[in-house]
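320 is the number that this note's numbering gives the last residue of the sequence shown; the numbers go up by one with no jumps. Yeah, the Cβ is synthetic: ideal placement off N, Cα and C, and Gly gets one too. Report on one structure; see the data block that follows.
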Amino acid sequence: MADAPPWPWVVALALALEAALGYPAWLLRLAPHPVAWPAALIEILELGWNRPAFGDQGRRFLGVAVMVIVAGLAIGLGLVLHRALAGHWLGLLAIALIATVGLAQRSLHQHVAAVLTALRADDIPTARVALAMIVGRDTERLGAHEIAAAALESLAESFNDGVVAPAFWLLVGGLPGLFAYKAVNTADSLIGHREPRWRMFGWAAARADDVMNLVPARIAGPLIALAAGRGWAIMFRDARLHASPNAGWPEAAMAGGLAVRVGGEARYEGVTKLGAALGDGPAPTTLDLERGLSLYRRACVLLWMILLMIGLIARLAR
3 MADAPPWPWV
13 VALALALEAA
23 LGYPAWLLRL
33 APHPVAWPAA
43 LIEILELGWN
53 RPAFGDQGRR
63 FLGVAVMVIV
73 AGLAIGLGLV
83 LHRALAGHWL
93 GLLAIALIAT
103 VGLAQRSLHQ
113 HVAAVLTALR
123 ADDIPTARVA
133 LAMIVGRDTE
143 RLGAHEIAAA
153 ALESLAESFN
163 DGVVAPAFWL
173 LVGGLPGLFA
183 YKAVNTADSL
193 IGHREPRWRM
203 FGWAAARADD
213 VMNLVPARIA
223 GPLIALAAGR
233 GWAIMFRDAR
243 LHASPNAGWP
253 EAAMAGGLAV
263 RVGGEARYEG
273 VTKLGAALGD
283 GPAPTTLDLE
293 RGLSLYRRAC
303 VLLWMILLMI
313 GLIARLAR
């Protein structure tokens, strides 16, 4: 393709378009979000295959089969679209538009902002409901500080899962890479749990998600620390304390960048689980959540700028 724009610029354009447009509400009324399709397939396969009669090893094998099917279909669709569109400028614009469905900058900001708005109004019940849209923990008993902490944790982790990781896989693998990541991440959110029902069947989904987030999470954390201008020491010290091999990087960076403490005790379906505390500061306040959203915006812009610089270097090196 003659005089094609560097691929990192296409990724940056996708991020900018998603930040500006999101997933339009009118389109959502006409058709479900594209992520709903692999989710529906996973749920159908889970109902048929995740049965005690198959035994632990059988369920693990069938869980692997689910990932092969779902990721294979995602990669296949991505290959068809990428090969059809990547040969000209308009096609690259179309790729950037298609890629917006795999990104979540705008929706993440809107969801966390809804929590912040309720906290500012001292409307704890509404804040709990808004928080429940973005976290898996029980929110019914949470106070203002706990709501702010949970929202910050979700904001940091989702900066990786919904922004950095999809952009990374789009950068290195085009639409096939992006679609594969979204399929794996969706599977992990649905079946990659540690409870007895999911432990064997969701093993492959959880491991695949860990692998695909290994590099992006270690980019997301430094992006947050760089945007904050601090938090590096806390990130390197506390990231490995998290139960997840990846989520600790952006969460510890957020804690260090804001000089607050996140993590610790949380309830899931009535069961209290004690996680590691990340950071040395006090429990977050409503103001800290507001600062966290500002930090998130700066980290997103920083990601765009880095992609533009990489693209410029690639173009000058031609």
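Where residue i falls: helix, strand or coil (DSSP)
i	result
arginine 269	strand
alanine 22	helix
methionine 3	Confidence at methionine 3 is low in this model, with a pLDDT of 45, below 50, so its placement is unreliable and no value can be given for it.
glycine 294	helix
methionine 307	helix
alanine 210	helix
asparagine 215	coil
phenylalanine 203	coil
valine 37	coil
threonine 288	helix
Proximal residues to residue i (C-beta, below 6 Å), its chain only, five neighbours per side dropped
i	result
arginine 220	Trp251
histidine 10	A small fix is needed here, since residue 10 is proline in this sequence, not histidine. Correct list, in chain order: Leu309, Ile312 and Gly313.
alanine 106	Gly164
alanine 185	Pro40, Val72, Ala73 and Ala76
alanine 129	Val117, Ala120, Leu121 and Ile149
alanine 249	Glu159
valine 303	none
Beta-carbon proximity list for residue i, same chain, < 8 Å, skipping 5 on both sides
i	result
arginine 143	Arg269
glycine 272	Asp140
Residue burial classification, residue i (beta-carbon count within 10 angstroms, cutoff 16)
i	result
isoleucine 46	exposed
glycine 233	buried
leucine 318	exposed
serine 296	exposed
alanine 245	exposed
methionine 135	exposed
proline 218	buried
threonine 274	exposed
Distance, residue j Cα to residue i Cα
i	j	result
methionine 3	glycine 93	Confidence in methionine 3 is poor, its pLDDT being 45 and thus under 50, which makes the residue's placement too unreliable to answer from.
asparagine 215	glycine 179	12 Å
tryptophan 91	leucine 49	44 Å
proline 8	alanine 16	13 Å
arginine 320	leucine 291	44 Å
arginine 58	alanine 22	For the sequence presented, residue 58 should be read as aspartate rather than arginine. The alpha-carbon atoms of aspartate 58 and alanine 22 are separated by roughly 46 Å.
alanine 300	alanine 229	According to the sequence displayed, residue 300 carries arginine and not alanine. Cα to Cα, arginine 300 sits roughly 6 Å from alanine 229.
alanine 257	arginine 263	6 Å
Same chain, Cβ closer than 7 Å to residue i, five either side skipped, listed in chain order
i	result
leucine 83	Ile100 and Leu177
key: Inside the stretch 86-172 only - alpha helix (DSSP H) runs reaching at least 4 residues   = With a minimum length of 4 residues, the continuous alpha helix (DSSP H) runs that stay inside the stretch 86-172 are 91-101, 107-122, 126-134 and 146-161.
To test your reading of the DSSP string, which unbroken beta strand (DSSP E) runs of 3 or more residues are found completely within the stretch 218-284? Fully enclosed beta strand (DSSP E) runs of 3 or longer: 264-270 and 273-280.
| request: Would you list, in sequence order, the uninterrupted beta strand (DSSP E) runs of no fewer than 3 residues that lie entirely inside the stretch 40-91? | output: DSSP runs (the beta strand (DSSP E)) wholly in the stretch 40-91: none.
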